[in-house]
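Every position in the sequence shown, counted from 1, becomes a number in the numbering used here once 203 is added. From the three backbone atoms N, C-alpha and C, an ideal C-beta is built for every residue, glycine too. Please read all numbers here as calculations on a predicted model, not as lab measurements. Here is the structure we will look at.
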Amino acid sequence: MPSTSYRAALNQCWASLMLDELARLGVQDVCIAPGSRSTPLTLAAAKHEHLTLHTHFDERGLGFLALGVAKAKQAPVAVIVTSGTAVANLLPAVAEAGLTKEKLVLLTSDRPPELINCGANQAITQHGIFSSHVTAFYDIPSPTLDISPAWLLTTLDEAMHQQILHGGAVHFNCHYPEPLYGEAVDFSDYLRPVTHWQQDSQPYLAFQANSLAQPQIDKSVWQAFAQGRGVIVAGKLAPQEFADVEALANQLGWPLLADPQSGGTSDYQGFDVWLQNSQCQAYLAQADTLLQFGGRLVSKRLGQWIAKQEWQNYWLVDPISSRLDASHRRGLRIQANCQSWAQQALATQVTSSNAHWAQALVTAANGYQTVLAQHTQDLSELSLAAQLPMWVVEHDETREAAPAEWFLGNSLIVRLLDMCGTMPNAVTFSNRGASGIDGLIATAAGVQRGRQQENYAQAMICLLGDTSLLYDLNSLALLRQTQAPMVVIVTNNDGGGIFDLLPVPEKQRDDFYRMPHGLDFEHAARMFDLSYRCPADLEQTQAAVYEALDHMGTTLIEVKTPAGDAGERLKALMAEVRDAALF
């Protein structure tokens with residue numbers, strides 16, 4: 204029987220095999236939380252020269268940090284945690300990744316099987332804990348010389364191949380018996396079956412069909428499709444994809460309705476509000492053809508309009524294979540890279556016989572902007588949403604700086620940005636899978652780190668609400684040593700302002716929905732050694748944003764507004780637009 208120190212070394216041997224193979228399979232970043240049971244994995248990651256390590260004391264935040272890095276780099280990111288509830292805390296980020304298909308590699312440590320369900324400390328049932336939220340799950344047994352290292356490597360290779368095909372998270376639950384610390388042991392005889400693997404840098408098992416085949420456009424079908432009265436909707440797009448979608452809309456002469464997540468804007472902005480105008484509704488009802496790039500739209504009204512419209516043709520282009528149409532329309536799902544598909548369509552040089560059919564809606568959108576200007580003269584959430592994007596563009600142009608990048612939360616302010624703002628053509632990130640308000644600071648931190656590793660060093664703006672920030676407050680620790688300006692703008696309306704727009708029971712609105720807290724974030728910023736500003740008017744807010752964009756570090760800008768103010772202002776704006784003559 205092997206000695207206990209020998210067992211510790213074998214734990215380390217298996218963990219090293221796993222981390223080495225994952226590095227060969229494209230993992231460059233590993234996010235680690237503290238823990239003893241995960242020691243074999245942590246030490247294996249620490250000694251690997253090609254891995255970048257990120258640490259955080261909170262596993263929930265750690266999962267979102269990894270999610271952000273994966274978003275930014277479009278590459279798999281590993282997560283190492285100890286056993287017990289540390290594993291359960293990863294579920295929110297795993298659920299988000301399951302919907303948006305960012306690639307996480309979950310390396311969870313576990314007690315050996317004989318210590319599960321018997322009262323042992325820090326032991327829960329981790330087998331299948333993430334259920335359908337992961338693409339693949341493998342229970343890795345306690346390391347033993349009776350199992351070939353080739354089995355371990357091919358298990359990793361198979362799971363990672365499934366991730367290439369389907370995206371999302373893969374989960375390896377690794378059972379490690381004690382002791383977890385010990386001296387090195389020579390396992391050369393045990394590793395002999397994988398000697399050739401040790402001598403090169405390639406994965407042990409290669410797969411030939413390992414990428415999404417790009418569908419080819421049938422020009423005759425595309426020609427027929429393009430003759431309708433079409434609308435192009437730009438939903439969630441990857442960085443740099445918007446320009447080709449915009450070019451296609453221009454080539455066809457079709458209106459482009461751009462979601463804030465698309466990374467761009469168009470002459471038709473504000474559609475979430477002007478779609479309520481009866482003239483605009485009647486005009487847009489002439490549309491019979493929809494071409495949508497990317498799913499998960501912020502605008503509920505746009506989704507409702509898509510659902511009720513009678514489409515002769517409805518095409519949805521997205522690289523994700525899972526369902527993305529909540530209205531269950533008859534049409535064509537095209538699983539493809541949005542940019543590549545748009546470039547193919549552009550190359551056909553097909554034009555539309557119904558080009559510029561909706562040009563009058565540009566006049567309507569401009570009319571809406573005129574009305575909006577009258578409602579955004581003083582500091583409010585509406586005026587912040589309307590003017591912040593313009594301030595950022597003006598700053599970048601004045602400083603001749605690279606365009607700032609954006610991370611959008613899931614609060615009322617982001618819906619207001621969709622309604623009132625004109626987003627610049629800029630790289631934009633969000634968590635719009637499950638659209639939760641948890642983990643937003645951690646995700647933004649991960650995005651900025653990942654972008655910096657990809658040699659994008661421009662400023663980032665993180666826009667969210669007060670409840671969202673309270674939910675992820677300890678992740679401010681991740682922003683203490685940023686290598687580029689990070690501007691966290693939080694709108695504090697003392698609770699969940701989104702519920703002011705929903706028909707919740709009035710008597711229970713505060714107690715069970717808005718949940719006012721009476722807090723501000725000055726001391727939170729001080730606790731984490733972040734710069735802090737709390738402007739009192741629009742001029743001070745613009746100055747604070749400019750200062751923060753020039754500051755090499757994190758600035759927390761808190762914009763305080765009265766509870767219920769945004770809801771009242773928005774209702775007044777909508778009432779005026781609904782009956783206005785915008786043409």
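Strictly by DSSP, which residues pair up with residue i?
i	result
Thr357	BP columns for Thr357 are empty, so no partner.
Thr694	Gly668, Val762
Ser797	As displayed, the chain neither begins before 204 nor continues past 786, which places residue 797 out of reach and without an answer.
Phe610	Phe632, Cys665
Met689	Met663, Thr757
Gln512	Gln512 pairs with nothing; no bridge assigned.
Ser734	Thr758
Gly385	Paired residues: none, contrary to the question.
Ile435	Leu459, Leu494
Ala429	Looking at the DSSP assignment, Ala429 forms no beta bridge with any residue, so it has no partner.
Asp641	Answer is none; Asp641 lacks a bridge partner.
Asp521	Gln538
Ala372	Val337
Restricting to Cα atoms, I'd like to know which of the options is closest to residue i.
i	options	result
Asp288	Ala298, Asp261, Glu305	The question names Asp, but residue 288 is Thr in the sequence shown. Checked all of Ala298, Asp261, Glu305; the closest Cα to Thr288 is Asp261.
Gln366	Leu355, Ala291, Ala281, Gln512	Ala281
Ser334	Val290, Pro316, Ile350	Val290
Gly642	Cys665, Asp675, Leu666	Asp675
Ile235	Gln401, Gly264, Asn214	Gly264
Leu451	Gln479, Ala323, Val553, Trp400	Val553
Gln329	Ala353, Gln656, Leu294, Leu355	Leu294
Ala441	Asn628, Gln661, Gln684, Ala604	Asn628
Tyr209	Arg729, Gln512, Glu381	Glu381
His336	Arg314, Leu359, Val308	Val308
Gly624	Thr207, Trp594, Tyr486, Val284	Trp594
Leu383	Val617, Asp740, Thr245	Thr245
Trp457	Leu619, His559, Asp349	His559
Gly331	His374, Leu355, Gln495	His374
Leu220	Ile343, Gln443, Gln419	Ile343
Asp462	Arg635, Gln215, Phe390	Arg635
Glu779	Phe267, Thr573, Ala548	Thr573
Leu785	Val693, Glu252, Phe474	Phe474
Lys276	Lys306, Leu302, Asp581	Lys306
Ala339	Ala362, Leu355, Thr347	Ala362
Glu386	Asn214, Ala446, Val233	Asn214
Leu493	Val476, Ile435, Val272, Gly756	Ile435
Asn540	Gln489, Ala576, Val448	Val448
His257	Ser556, Thr398, Gln231, Met622	Gln231
May I ask which residues mark the beginning and end of the beta strand (DSSP E) holding residue i?
i	result
Cys216	From DSSP, Cys216 is part of no beta strand (DSSP E) but of the alpha helix (DSSP H) over 207-227.
Leu667	663-668
Ile343	337-343
Asp621	Counting along the chain, Asp621 falls outside any beta strand (DSSP E), though it belongs to the alpha helix (DSSP H) covering 615-623.
Tyr749	Premise fails: Tyr749 lies in the alpha helix (DSSP H), 741-752, not in any beta strand (DSSP E).
Tyr407	Taken as a continuous stretch (DSSP letters only), Tyr407 belongs to no beta strand (DSSP E), as it is neither H nor E.
Val282	280-284
Cys234	232-235
Gln495	492-496
Arg536	535-538
Thr255	255-258
Just confirm the distance between the C-beta atoms of residue i and residue j, as a whole number of angstroms; I'd bet it's less than 8 Å.
i	j	result
Phe724	Glu761	5 Å
Phe731	Cys665	14 Å between Cβ atoms; not a contact.
Thr758	Arg772	Thr758 to Arg772, Cβ: 26 Å. No contact.
Leu459	Tyr471	6 Å
Gly438	Gly498	5 Å
Gly700	Met718	Contact doesn't hold; Cβ gap of about 11 Å is too wide.
Asn696	Ala769	6 Å
Ser543	Ser614	Actually they are not in contact, since the Cβ atoms of Ser543 and Ser614 sit about 33 Å apart, beyond 8 Å.
Tyr379	Glu224	At roughly 18 Å, the Cβ-Cβ gap does not stay under 8 Å, so Tyr379 and Glu224 are not in contact.
Ala298	Ala637	5 Å
Ala588	Leu619	4 Å
Asp312	Ser345	Reading the sequence as shown, one finds Ser at residue 312 and not Asp. Contact doesn't hold; Cβ gap of about 11 Å is too wide.
Gly534	Trp508	The pair is not a contact, with the Cβ atoms about 15 Å apart (cut-off 8 Å).
Met626	Gly467	7 Å
Gly653	Val388	Not confirmed; about 37 Å, so no contact.
Looking at the secondary structure, which residues open and close the alpha helix (DSSP H) in which residue i lies?
i	result
Asn320	Where Asn320 is concerned, there is no enclosing alpha helix (DSSP H), given that its DSSP letter is neither H nor E.
Ala450	445-455
Asn569	563-577
Gln547	541-550
Thr601	584-602
Ala300	294-303
His399	398-401
Val476	474-477
Leu265	262-276
Leu794	In the structure displayed, the chain extends from 204 to 786; residue 794 sits before or after that span and is not available.
Leu487	481-487
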